[in-house]
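Residue numbers (our numbering), protein chains in the order written: chain A, 1 to 260; chain B, 1001 to 1399.
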């Protein structure tokens, strides 16, 4: 069974990849990739109070999502959304666990509500006014493919409702980082619909291993779960038709065919 | 949507291990909440703990998953012939055509909380700590998939207190799209310090057993549960009748991180959309199992939403006075309560609620009792304004 969609817009925010338009020539191989530490964006769209409270994952996912919506000329308000992340806000978890291990367990209310996996989805709704359904899911290193599958299934069920997929990750601080290393922060977004005139994709589950990438981009792909999207982004950047197999679960890959 | 058959289901919570204990407790209508004695917690609140969870052992091959949350899953999967029903579905459809979608809010975070007390002088976590297989949100979904020997799509759905209701939606969509024929869905969330001290910081923990819809309600009681359903595509199942998921509705409040929209805007939209997907009207619902947490603002917002969509005729209540609020598992707990209400043709009671808040207008049924029920709605609303409503009924009562 194949699932189909059109890609109306792309957002990207990663190390040395500051936005989709700036990153496209790099991913297409036209300009060399120079890794640089990801700069955490500070989206103006969040009310000032929320901007102070929001963690890195919220800021990263908002930036990518807004970029994809703007590229498609769509109002974020009108979009359903799927948020995919391996583990959410590790800095917040670390702060909570440190406090709970001490004598004073009075964690802050903001820390607590920021601890939910769907915090980025919640802040997204507050920032954009989007009241359409939003999912927040996790599948460890398979999180991006799981999110894409969910997004395509949503679209299959309601072809008239464009869906924004946002995958994001921020590295954990020590001591958690030693148990779950991530090389840097990364977010990306795809705005999928059935009607746009962007590249067409079809996806299906296959018993094939995920496609690797050479060089520094390959290391980036392996280093951050959300960056498992890079083979697809590179194909989109090339503006060519082609096929990639994305990392999914043991024994399963998610094959995506792109028709430019 | 096409109705989805509920081939098998089971629940383990403070009401007991498995369906027989759950049915008996629901019939008795008594609260199983007790003063909190969890771990080293010193809070003036009541909780609903799963009995004898520490005795549960994971199989040796999956020992790396050992933590309270996955023990709850193990205890739950052992009940009611559930694992055998899944094995049968895997034989009929193929293990790669059976998905796993599990709702959780905190997964095995307790394991990390405990590990932080045992940090080495250098600050490192103890060497026996396994983040991936315990704390990580996906751990419960991955454990379920491995334990049941399944090989299809899998994800943890984590949208706070709507998580395991939304797990039904994710599975149903992939069935509709033809990617899978069956799915294990449910919710597993267990007590931990993050949620106990977290809700305490928001001043949302009641010092008494929670009292949904009561004029003197003053907060929630936390619970924990492991609930599993085996869903099958109705047309592939070859079954003429049975309990089914008839409708799913989802929405976002787009309002606040930890408070519901005061007029229940998102709750209204989730319920409306669930009716639409079931092709039913407001008059077709015979009982609503509310989210009904027992906080002043949640119950008031939900009351607004129920009144504006369904009116004051349909009986509604919350069973959180019995089970406590199982957070990421609450959607699945209350889906199961809804299904048992249909099976038994009986509305469960709402212990803890003494007198309905006169400011709330819905037809709140405190005592419960026998009633003709064809279709039942279950509501789940969470932090971040994430809302999900489910409609259950027999296949023959689908629109």
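Ideal Cβ placement from N, Cα and C applies to all residues, glycine included.
I'd like the span of the alpha helix (DSSP H) that includes residue 1366 of chain B, first residue to last. Boundaries cannot be given for residue 1366 of chain B, as no alpha helix (DSSP H) includes it and DSSP labels it neither H nor E.
Worksheet item: Going by other Cβ atoms of all chains shown within 10 Å of its Cβ, with 16 needed for buried, is residue 207 of chain A buried or exposed?
Response: Flag for residue 207 of chain A reads exposed.
| My guess is that residue 65 of chain A and residue 164 of chain A are in contact by the Cβ rule of under 8 Å, so how many angstroms apart are they, rounded? | About 6 Å separates the Cβ atoms of residue 65 of chain A and residue 164 of chain A, confirming a contact at the 8 Å cut-off.
Closer than 7 Å, Cβ to Cβ, to anything on chain B: give me those residues from the stretch 141-160 of chain A, in chain order.
Those would be 146, 149, 150, 153, 154, 156 and 157, in chain order.
(message) Less than 9 Å between CB atoms is the rule here; does residue 1238 of chain B satisfy it with respect to chain A?
(response) Contact with chain A is absent for residue 1238 of chain B, since none of that chain's Cβ atoms lies less than 9 Å from the residue's Cβ.
Rounded straight-line distance, which links the Cα of residue 162 of chain A to that of residue 192 of chain A:
Annotation: residue 192 of chain A to residue 162 of chain A spans about 6 Å, alpha carbon to alpha carbon.
* **Chain-ordered residues of the stretch 68-98 of chain A with a beta carbon less than 8 Å from chain B** => From the stretch 68-98 of chain A, only 86, 87, 88, 93, 96, 97 and 98 have a Cβ closer than 8 Å to chain B.
Any C-beta of chain B sitting closer than 9 Å to the C-beta of residue 126 of chain A? Interface residue, yes.
Please confirm whether residue 116 of chain A has its beta-carbon closer than 9 Å to some beta-carbon of chain B.
Yes, residue 116 of chain A counts as interfacial toward chain B.
At least one CB of chain A closer than 9 Å to the CB of residue 1157 of chain B: is that the case?
Closer than 9 Å: yes.
Item to complete: Note down, in chain order, every chain B residue with its Cβ under 8 Å from the Cβ of residue 108 of chain A.
Response: Chain-ordered, the chain B residues with CB closer than 8 Å to the CB of residue 108 of chain A read 1201.
_Tell me whether the stretch 1240-1251 of chain B and the stretch 1018-1030 of chain B touch, counting them as touching only if at least three CB pairs, one residue from each stretch, are closer than 8 Å._
No: fewer than three Cβ pairs fall under 8 Å.
Checklist line | Sequence-distant residues of its chain with Cβ nearer than 6 Å to residue 238 of chain A (five each side left out) | finding: Excluding the 5 residues flanking it on each side, residue 238 of chain A has same chain C-beta neighbours closer than 6 Å at 28, in chain order.
Can you list the residues of chain A that residue 1386 of chain B reaches, using a CB-CB cut of under 8 Å?
Within chain A, the residues near residue 1386 of chain B are 118, 121, 122, 134 and 136.
Within 7 Å of chain A by C-beta, residues of the stretch 1113-1137 of chain B in sequence order: Flagged, chain order: 1113, 1116, 1117, 1119, 1123, 1124, 1125, 1129, 1131, 1132, 1136 and 1137.
Where do the ends of the beta strand (DSSP E) carrying residue 244 of chain A lie? If you look at residue 244 of chain A, you'll find it in the beta strand (DSSP E) that goes 242-247.
I need the DSSP call for residue 1313 of chain B, collapsed to helix, strand or coil. It is coil, neither helix nor strand.
Exercise for the section: Report yes or no: is there a C-beta of chain A within less than 9 Å of the C-beta of residue 1061 of chain B? Expected result: Answer no: the Cβ-Cβ gap between residue 1061 of chain B and chain A never drops below 9 Å.
| request: At 8 Å on the CB atoms, spell out the chain A contacts of residue 1179 of chain B, in chain order. | output: 1, 3, 149, 153 and 205, listed in chain order.
Legend entry - Outcome for residue 1042 of chain B when other beta-carbon atoms lying within 10 angstroms are tallied against a minimum of 16: With fewer than 16 other Cβ atoms within 10 Å, it is exposed.
Output yes or no for whether 9 Å exceeds the beta carbon distance between residue 1318 of chain B and residue 1290 of chain B. Closer than 9 Å, so yes.
Margin query: Buried or exposed, going by whether 16 or more other CB atoms sit within 10 Å of the CB of residue 1334 of chain B?
Written below: That one is buried.
Where do the N-terminal and C-terminal ends of the alpha helix (DSSP H) with residue 82 of chain A fall, by residue?
Counting along the chain, residue 82 of chain A falls outside any alpha helix (DSSP H), though it belongs to the beta strand (DSSP E) covering 80-84.
Q. Roughly how many angstroms lie between the CA atoms of residue 1270 of chain B and residue 137 of chain A, to the nearest whole one?
A. Looking at the two C-alpha atoms, the distance is approximately 19 Å.
(Q) On the CB-based measure, 16 or more other CB atoms within 10 Å of its CB, does residue 1359 of chain B come out buried or exposed? (A) Exposed, by the Cβ-count rule.
What residue range does the alpha helix (DSSP H) around residue 1112 of chain B cover? Its alpha helix (DSSP H) spans residues 1109-1115.
* Asked: If we cut at 9 Å on Cβ distances, does residue 257 of chain A have a partner in chain B?
  -> No, because no Cβ of chain B sits closer than 9 Å to the Cβ of residue 257 of chain A.
Discussion item. So residue 175 of chain A contacts chain B; which residues on that side make the cut at Cβ distance below 7 Å?
Written reply: Chain-order list of chain B residues neighbouring residue 175 of chain A: 1119, 1123, 1124 and 1125, by C-beta distance under 7 Å.
Item checked: Closer than 9 Å to chain B by CB, residue 112 of chain A -> Judged by the 9 Å Cβ criterion, residue 112 of chain A is in contact with chain B.
Can you grab the Cα-Cα spacing for the pair residue 1133 of chain B / residue 171 of chain A, in whole Å?
So the alpha carbons of these two residues sit roughly 18 Å apart.
- Sub-9 Å separation of residue 92 of chain A and residue 115 of chain A beta-carbons: Between residue 92 of chain A and residue 115 of chain A, the CB-CB gap stays under 9 Å.
Residues of chain B with a CB under 8 Å from the CB of residue 131 of chain A: which are they?
In chain order: 1251, 1252, 1253, 1254, 1265, 1266 and 1269.
DSSP-derived helix/strand/coil call for residue 1009 of chain B: It is a strand residue.
**Item:** Supposed close pair residue 186 of chain A, residue 227 of chain A - CB separation, criterion 8 Å
**Value:** 5 Å between Cβ atoms; contact.
Along the chain, which unbroken stretches of the alpha helix (DSSP H) at least 4 residues long are found entirely within the stretch 157-188 of chain A?
As far as the stretch 157-188 of chain A is concerned, its whole alpha helix (DSSP H) runs of at least 4 residues are 176-179.
Leaving out five residues on either side along the sequence, give the residues of the same chain with a beta carbon under 8 Å from the beta carbon of residue 31 of chain A. Annotation for residue 31 of chain A: 25 place their beta carbon closer than 8 Å to its own, counting only its chain and skipping 5 residues before and after.
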